[in-house]
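Below is one structure, written out as structure tokens; the observations come after it.
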Amino acid sequence: RRPGGRRRRPSRRRGGRPVIRVAVVDEQALVRSGFTVLLASDPELEVVGEAADGAAACELAVHERPDVILMDIRMPGVDGIEATRRLTADERTAACKVLILTTFDLDEYVFEALRAGASGFLLKDTLPDELLAAVRVVAAGEALLAPKVTRRLIEEFALQPAAAPPEANPGLALLTEREHEVLLEVARGRTNAEIAERHFMSQATAKTHVSRMLSKLACRDRA
């Protein structure tokens, strides 16, 4: 049973293999028809509905629970990115995988789509066989990006400044040599008794060293 008390529609099987249920969302009826015909040509795919805008896509997803939703970006009313955001936030449709398919490869669209929870981003100049393969990849829970989009993301990442190394706790400079030794033992998970035995001191002395070490490092406890 799916969240919200509704059962997910069972996947049909053809030739012993489960059928991937797909919804097509695009403002243009001709484009939707073209995608529907292409998807229907694959015996492992089944088109369960179409929608012309994001709001209708969300309603369709709640009713049909498709495995994958081909989602355009620029649509009237609720656009594809907002629809994706709503779908991934709704427990009834969170399991639906969204594959963005658009004419526009603007960086802001890519980033916003990924932040919204899309599982893939392809351009409409993708070859038919590549689109069919992409649906399978996304349905299997993998992520997928158009090659030119991937290249730009890598370039963007390479231009980012390197992350600064974490700063050391300033209290480390205040530790005595013995307190530093005790710190290493605490980090290894050893008790006061074990520390005392290894460093030839009483348990009371070991406890004192641990207490001073924690105080200088502003640590609440050993953990």
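First residue of the sequence shown: 8, per this note's numbering; consecutive thereafter. For each residue, glycine too, the CB sits at the ideal point set by N, CA and C. Predicted model, so just to flag it, every value in this text is computed and none were measured.
Taking the Cα positions, valine 75 is about 12 Å away from threonine 95. Assigned with DSSP and collapsed to three states, alanine 90 falls in helix.
Apart from sequence neighbours up to five positions away, the residues of its chain that approach alanine 150 with a beta-carbon distance below 6 Å are Ser126, ordered along the chain. Taken in chain order, the complete alpha helix (DSSP H) segments of 4 residues or longer contained in the region 161-211 are 184-194 and 199-205. In terms of Cα proximity to alanine 90, the closest of Gln35, Val193 and Ala123 is Ala123.
One Cα belongs to alanine 62, the other to valine 69, and the distance between them is close to 11 Å. In the three-state reduction of the DSSP assignment, proline 154 falls in the helix class. Contact between the region 148-166 and the region 179-186 is absent: fewer than 3 CB-CB pairs across the two stretches fall below 8 Å. Residues Ile88, Ile107 and Phe128 of the same chain have their beta carbon placed closer than 6 Å to that of alanine 120, with the five preceding and five following residues left out of the count. Rounded to whole angstroms, the separation of the alpha carbons of alanine 146 and isoleucine 202 is 54 Å. The Cβ atoms of phenylalanine 42 and valine 32 do not sit closer than 7 Å to each other.
Assigned with DSSP and collapsed to three states, arginine 99 falls in coil, not helix or strand. Here the C-alpha atom of alanine 101 lies approximately 45 Å from the C-alpha atom of proline 177. Glutamate 57 is bridged by DSSP to Val31.
In terms of Cβ geometry, leucine 52 and valine 29 form a close pair [threshold 7 Å].
Excluding sequence positions up to five before and after asparagine 199, its CB lies within less than 8 Å of the CB of Gln210, Ala213, Lys214 and Val217, all in the same chain and listed in chain order. As the crow flies, the alpha-carbon of proline 173 is around 14 Å from that of leucine 179.
In this structure, the straight-line span from the alpha carbon of alanine 153 to that of aspartate 79 is close to 15 Å. Leucine 134 and glutamate 98 have their alpha carbons spaced roughly 33 Å apart. Taking each of Asp60, Glu204, Lys131 and Gln35 in turn and checking the Cα distance to proline 83, the smallest one comes out for Asp60. For serine 222 and alanine 175, the gap between their C-alpha atoms comes out near 16 Å.
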